[in-house]
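In the numbering used here, the protein residues as written are 104 to 220.
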């Protein structure tokens, strides 16, 4: 996996978007690594990058991605290398009513997103 990524500086704004490097770490015990094949651009991504909802710290944008698993952590049992996967907008929302805390883990906003190689 490459370490090239689009990086949005704190606060957002089109003038704060650069191509940079963020090393891709090996997956931790409960994580997977995915080679991305597709992203979708949606209103959330526009709002974050434009600065309307700019991030508090530098962030890799893009909330949605799809691709193929290329590595799995030691404790992963539901996925294997070669599986086709898609991201979820609220990764920590497993069931029940959604809550506002879920936004803290939205890719491209609360955590790094999918605009990377």
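Just so it is clear, CB atoms sit at the ideal spot from N, CA and C, and this is done for glycine as well.
The model shown is predicted, which means the values in this text are computed figures rather than measured ones.
Residue i in three-state terms, based on DSSP
i	result
residue 147	helix
residue 189	strand
residue 118	helix
residue 170	strand
residue 87	Outside the shown range of the chain, which is 104 to 220, sits residue 87, and nothing can be said about it.
residue 101	No information on residue 101 is available, as it lies outside the stretch 104 to 220 that the chain covers here.
residue 210	strand
residue 125	coil
Inter-residue CB distance, residue i and residue j (contact presumed, cutoff 8 angstroms)
i	j	result
residue 146	residue 190	Between residue 190 and residue 146 the Cβ distance is about 16 angstroms, and since that is not below 8 angstroms, they are no contact.
residue 168	residue 142	5 angstroms
residue 173	residue 125	That belief does not hold up - the Cβ atoms of residue 173 and residue 125 are roughly 17 angstroms apart, past 8 angstroms.
residue 140	residue 171	7 angstroms
Sheet register partners of residue i (DSSP bridge)
i	result
residue 132	Residue 132 is not bridged to any residue.
residue 138	171
Residue i, enclosing beta strand (DSSP E) - first and last residue
i	result
residue 111	107-111
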